[in-house]
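Scroll down for the structure; my scribbles are underneath it.
Chains as they are written, first to last, in the numbering used here: chain P, 1 to 493; chain V, 1 to 73.
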């Protein structure tokens with residue numbers, strides 16, 4: 001199917017919306033639109049960050065997912081207590097593949113699940129005592145932890161436990177940071193509010209810890225990687241590029257990060273923000289309080305990586321800028337070889353994306369480097385400012401969908417017929433059974449890293465092995481295949 | 001009375017950010033913008049406006065201030 005015109009996209013949206021009742025139709029229509037380069041502000045064409053419609057299948061998560069799963073979870077030397085019933089922690093444990101260096105259970109705890117396992121009596125009589133006991137037990141069993149965060153699950157807010165009081169008491173008792181995070185799942189419309197709450201908790205309980213302390217030796221080239229969760233090693237493949245450029249990466253937020261790195265971040269010269277959605281709040285705060293400028297960058301695909309490296313270098317002196325060019329030149333043969341190998345196999349293929357955070361716009365460049373075209377994209381929990389940034393990246397009259405429902409997404413795929421879909425695990429098997437090649441783009445389908453030049457090679461290989469996999473022609477049972485007439489004749493002979 | 005953050009962009013203009021509304025909008029005009037008086041009515045690119053108490057000097061940006069929603073805001 002060739003490129004769709006604006007009218008075709010509009011009629012497609014109309015067609016898909018038809019099955020809804022009138023009210024739902026009106027509501028959902030605001031979230032679906034063909035991209036329009038003329039529009040400067042996304043809010044004129046698309047509504048986002050609104051409560052999902054009851055009764056539809058949404059792909060969103062909750063505030064707890066945003067705080068524990070995304071922002072706090074990867075901080076490796078802290079213990080993150082899932083405070084409440086056991087399920088929230090257990091079913092989200094270790095699913096995001098935030099890689100880290102350390103010995104799990106000794107000085108790193110990312111993939112472990114700590115929970116207060118609420119029972120009926122805790123709901124009735126309150127769980128503060130249990131929480132206090134739990135923190136004491138953690139101190140005994142895991143003495144090398146550097147701090148504790150209390151990630152509230154829904155009941156904590158409902159029964160009104162005072163986790164802040166417990167946190168203050170235990171901080172005093174053990175001399176370690178204890179952070180209460182009010183990220184009850186029912187807050188907000190999606191995980192996005194969880195990011196915000198987690199950012200605010202960092203701001204209030206962690207960030208100013210070393211304000212009075214100048215013992216940390218700073219250099220002019222200190223930077224912090226903000227909003228890189230080291231999925232499959234992403235932050236590492238980003239970090240080496242920055243270090244080769246001559247910058248010193250003081251902190252990684254929060255993939256493979258530590259609390260001490262977080263406390264040192266106010267001392268850096270520049271904050272590099274990868275995931276704008278989940279970490280812009282803290283970057284803005286640091287800009288205001290510590291006068292640290294922040295810039296957004298994009299390390300997906302060589303074109304964008306080179307662009308970003310130059311942009312980062314432009315904030316430093318000429319020695320860095322020169323080294324930046326050297327780094328680019330050194331890696332050029334590598335990525336040229338990757339493009340030479342995979343581009344002919346992927347050229348012209350069309351991709352539909354539906355993910356969260358930064359990927360709906362950031363990976364577009366990587367696909368374009370491989371000669372592929374992104375024909376539809378959307379955010380699970382994006383806000384206006386995300387769509388503002390997306391409109392420029394996407395082709396004119398391509399589909400934009402916000403908080404797309406399971407039904408809408410399936411219908412769009414049936415009509416647009418992309419060659420590849422990038423979305424989450426909940427969508428993966430539906431589309432694979434429909435015979436459409438699929439990559440799980442939340443945690444890189446158990447692969448990665450995808451950031452930087454090293455990551456691009458893996459990205460290209462993964463896309464190729466998914467798209468050009470011979471299995472896609474074998475999905476239909478042989479006896480259901482339409483057999484050409486002469487073959488039938490031959491078989492009956 | 002939302003809290004708004006005003007910051008300088010890379011290109012030199014001002015933007016106004018309202019966290020609660022996810023609004024990040026460039027500032028078209030600001031009522032008082034002299035060395036000894038800064039603030040007042042701020043008009044944004046989308047037509048809405050906010051009012052902040054004029055300050056006696058230009059503050060160091062970014063800055064978070066309480067603002068009143070003006071006409072069209």
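Where is the CB? At the ideal position from N, CA and C, for every residue including glycine.
Leaving out five residues before and five after residue 390(P) in sequence, what residues of the same chain have Cβ atoms less than 6 Å from its Cβ?
Taken in chain order, the residues that qualify are 361.
Suppose you measure from the CA of residue 287(P) to the CA of residue 8(V); what does that come to, to the nearest Å?
Distance between the alpha carbons of residue 287(P) and residue 8(V): 11 Å.
Taking 7 Å as the threshold (C-beta atoms), are residue 31(V) and residue 41(V) in contact?
Contact: yes.
Tell me which same chain residues have a C-beta within less than 7 Å of the C-beta of residue 306(P), skipping the five on either side of it?
So the list reads 328, once near-sequence residues are dropped.
Does the beta carbon of residue 2(V) sit closer than 7 Å to a beta carbon anywhere in chain P?
No, residue 2(V) lies away from the interface with chain P (no Cβ there is under 7 Å from its Cβ).
Just how far apart, CA to CA, sit residue 44(P) and residue 29(V)?
Cα-Cα distance, rounded: 21 Å.
Do residue 279(P) and residue 226(P) count as a contact pair if the criterion is CB distance below 7 Å?
Contact flag set, yes.
Can you check which of these residues, 68(P), 79(P), 481(P), 132(P), is closest to residue 88(P) by C-alpha distance?
Of the listed residues, the one whose Cα sits closest to residue 88(P) is 68(P).
If the cut is a Cβ gap below 8 Å, which residues of chain V does residue 330(P) touch?
Per Cβ cutoff of 8 Å: no residues; residue 330(P) is ~28 Å from chain V at best.
List, from N- to C-terminal side, the beta strand (DSSP E) runs of 3 residues or more that fit wholly inside the segment 139 to 216 of chain P.
Whole beta strand (DSSP E) segments, 3+ residues: 147 to 152, 177 to 181.
Residue 420(P) lies in the beta strand (DSSP E); which residues open and close that run?
Unbroken beta strand (DSSP E) run through residue 420(P): 420 to 423.
Along the segment 152 to 166 of chain P, what residues have a CB closer than 9 Å to any CB found in chain V?
From the segment 152 to 166 of chain P, no residue has a Cβ closer than 9 Å to chain V.
Under a three-way DSSP split, which group does residue 83(V) fall into?
Nothing can be reported for residue 83(V): it is not among the residues displayed for chain V, which extend from 1 to 73.
For a contact meaning CB atoms closer than 9 Å, what does residue 362(P) contact in chain V?
Going along chain V, no residue has its Cβ under 9 Å from residue 362(P), so there is no contact; the nearest lies around 18 Å.
Closest by CA to residue 37(P), which one among 221(P), 236(P), 395(P), 440(P)?
Selected option, being the one with the closest Cα: 395(P).
Can you list, in chain order, the residues of its chain whose CB lies under 6 Å from that of residue 457(P), leaving out five sequence neighbours each side?
Only 338 meet the Cβ criterion.
Between which two residues does the beta strand (DSSP E) holding residue 28(V) run?
Counting along the chain, the beta strand (DSSP E) containing residue 28(V) begins and ends at 23 to 34.
Could you tell me which chain P residues have their CB closer than 8 Å to the CB of residue 64(V), listed as they occur along the chain?
Per Cβ cutoff of 8 Å: 288.
Mind checking if residue 41(P) is an interface residue toward chain V, Cβ cutoff 7 Å exclusive?
Chain V, which has a Cβ nearer than 7 Å to the Cβ of residue 41(P), makes this yes.
Would you verify that the beta carbon of residue 24(V) is, or is not, closer than 7 Å to some beta carbon of chain P?
Chain P, which has a Cβ nearer than 7 Å to the Cβ of residue 24(V), makes this yes.
I'd like the span of the alpha helix (DSSP H) that includes residue 362(P), first residue to last.
That run of the alpha helix (DSSP H) goes 359 to 362.
How is the alpha helix (DSSP H) around residue 501(P) delimited, first residue to last?
Since the displayed chain P opens at 1 and closes at 493, residue 501(P) lies outside it and no answer follows.
Going along chain V, which residues have a C-beta under 8 Å from residue 383(P)?
Those within 8 Å of residue 383(P) in chain V are 22.
With distances taken between CB atoms, is the gap from residue 229(P) to residue 255(P) smaller than 7 Å?
Cβ distance < 7 Å, so residue 229(P) and residue 255(P) count as in contact.
Excluding the 5 residues preceding and the 5 following residue 55(P) in the sequence, name in chain order all residues of the same chain whose CB lies nearer than 8 Å to its CB.
Once the five neighbours on either side are set aside, the close Cβ partners of residue 55(P) are 24.
Counting pairs of Cβ atoms below 8 Å between the segment 415 to 423 of chain P and the segment 358 to 378 of chain P, do you hit three or more?
Enough Cβ pairs lie closer than 8 Å, so yes.
Closest Cβ-Cβ distance between residue 107(P) and chain V: below 7 Å?
Not an interface residue.
Given a limit of 8 Å on CB to CB distance, which residues of the segment 261 to 293 of chain P reach chain V?
Answer set for the segment 261 to 293 of chain P: 281, 284, 287, 288, 291.
Going along chain P in order, which residues have a C-beta closer than 8 Å to the C-beta of residue 5(V)?
Here the neighbours are 284, 288.
Just the chain P side, please: which residues come within less than 9 Å of residue 19(V) by C-beta, in chain order?
Result: 196, 281, 284.
Are three or more beta carbon pairs between the segment 191 to 205 of chain P and the segment 68 to 81 of chain P nearer than 8 Å?
Because the criterion of three Cβ pairs below 8 Å is met, the segment 191 to 205 of chain P and the segment 68 to 81 of chain P touch.
What did DSSP end up calling residue 305(P) once you bin it into helix, strand or coil?
Helix.
For residue 494(P), which residues in the same chain have their Cβ closer than 6 Å to its Cβ, ignoring the five residues on either side in sequence?
The structure shown does not extend to residue 494(P), since chain P is modelled only from 1 through 493, so no value can be given for it.
Quick check on residue 237(P): buried or exposed, where buried means 16 or more other Cβ atoms within 10 Å of its Cβ?
Result: buried.
So, does the segment 428 to 443 of chain P touch the segment 215 to 223 of chain P, judging by three or more C-beta pairs under 8 Å?
Not touching, per the Cβ criterion.
For residue 14(V), which residues does DSSP report across the bridge?
In the DSSP output, where bridge partners are listed per residue, residue 14(V) has 8(V).
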